[in-house]
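K.L.:
Just passing along the structure, written as structure tokens.
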Amino acid sequence: MSTERTYVMLKPDAVRRGLVGSIVSRFENSGLKMEAMCHINVSSEQSGELYKEHDGKPFYQSLISYIHSGPVVTTVWSGPSAVSIARKLIGATNPAEAAPGTIRGDFGLILDENVIHGSDSVKSAEREIPIFFPDLA
Ligand code: IDP
Ligand code: MG
Numbered sequence: 025m026s027t028e029r030t031y032v033m034l035k036p037d038a039v040r041r042g043l044v045g046s047i048v049s050r051f052e053n054s055g056l057k058m059e060a061m062c063h064i065n066v067s068s069e070q071s072g073e074l075y076k077e078h079d080g081k082p083f084y085q086s087l088i089s090y091i092h093s094g095p096v097v098t099t100v101w102s103g104p105s106a107v108s109i110a111r112k113l114i115g116a117t118n119p120a121e122a123a124p125g126t127i128r129g130d131f132g133l134i135l136d137e138n139v140i141h142g143s144d145s146v147k148s149a150e151r152e153i154p155i156f157f158p159d160l161a
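And the structure:
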């Protein structure tokens with residue numbers, strides 16, 4: 025099985041609410057390997073690039089404001105099937121639909137503040153990681 029890398033970002037609500045340790049421990053417990061972690065304020069270049077597929081959608085401006093509402097914690101994890109394992113840990117996009125036991129199911133309430141981002145494919149991860157960690161490109 026081939027090793028993959030995935031980009032995972034703890035969004036401003038997760039940092040504001042002091043959930044970083046609880047969330048990061050779920051990834052560590054999964055067996056994935058932490059490759060990088062940083063506490064940053066996302067730049068408008070970075071948010072524009074990360075969410076460019078959503079540009080023009082009704083929620084785009086509120087999504088960008090949310091991502092800039094406070095610091096985030098950016099991380100990269102590696103391991104076999106890292107992308108899909110991370111998405112399973114994260115759960116469905118809408119916390120109201122995310123299963124209990126998932127990060128969004130356990131820590132989130134509403135779609136507008138859904139706690140965490142995870143790359144949705146290997147191709148997305150390869151695009152997203154260098155936006156935040158140019159050295160890992
Ligand atoms: P994902 O984060 O599960 O991959 P995407 O569809 O890629 O979900 O959407 C990116 C982010 O945009 C979501 O995590 C969420 O923060 C936000 N978002 C998506 N759809 C809506 C919506 O209908 N209203 C408000 N925010 C949304
Ligand atoms: Mg997505």
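To get this note's numbering, take the position in the sequence shown, counting from 1, and add 24.
Backbone N, C-alpha and C fix where the C-beta goes; we use that ideal spot for every residue, glycine too.
Given G94, which residues of its chain have a CB within under 7 Å of its CB, disregarding the five upstream and five downstream residues?
P.N.:
Taken in chain order, the residues that qualify are P36, V39, R40.
K.L.:
How would you write the range of the beta strand (DSSP E) that E28 sits in, first residue to last?
P.N.:
E28 -> beta strand (DSSP E) spans 27-34.
K.L.:
At a cut of 8 Å, does the stretch 97-105 reach the stretch 27-35 through at least three beta carbon pairs?
P.N.:
These segments touch.
K.L.:
What number of angstroms, rounded off, separates the C-alpha of S46 from the C-alpha of G80?
P.N.:
The alpha-carbon atoms of S46 and G80 are separated by roughly 34 Å.
K.L.:
Is L34 near the ligand IDP, going by C-beta to nearest heavy atom under 7 Å?
P.N.:
Every heavy atom of the ligand IDP is 7 Å or more from the Cβ of L34, so no.
K.L.:
Given a cut-off of 8 Å, decide if L160 and A106 are closer than it, judged by their beta-carbon atoms.
P.N.:
No, the Cβ-Cβ distance between A106 and L160 is not below 8 Å.
K.L.:
What's the C-alpha gap between D130 and V139?
P.N.:
Going from the Cα of D130 to the Cα of V139 covers about 10 Å.
K.L.:
Using a threshold of 7 Å, is the CB atom of T117 nearer than that to any non-hydrogen atom of the ligand IDP?
P.N.:
True, at least one ligand heavy atom lies under 7 Å from that Cβ.
K.L.:
Going by beta carbon distance, what residues of the same chain come within less than 7 Å of V146, once the five residues before and after it are set aside?
P.N.:
Here the set comprises E28, V107.
K.L.:
With DSSP as the reference, label G80 as helix, strand or coil.
P.N.:
Reduced to three states, the DSSP call for G80 is coil.
K.L.:
So P154 is in the alpha helix (DSSP H); what residue range does that whole segment cover?
P.N.:
Where P154 is concerned, the enclosing alpha helix (DSSP H) stretches over 146-156.
K.L.:
Give the range of the beta strand (DSSP E) segment to which S102 is assigned.
P.N.:
First-last of the beta strand (DSSP E) with S102: 96-104.
K.L.:
For the candidate residues F51, E59, S89, E77, whose alpha-carbon lies nearest to that of N65?
P.N.:
N65 has its Cα closest to that of S89, out of F51, E59, S89, E77.
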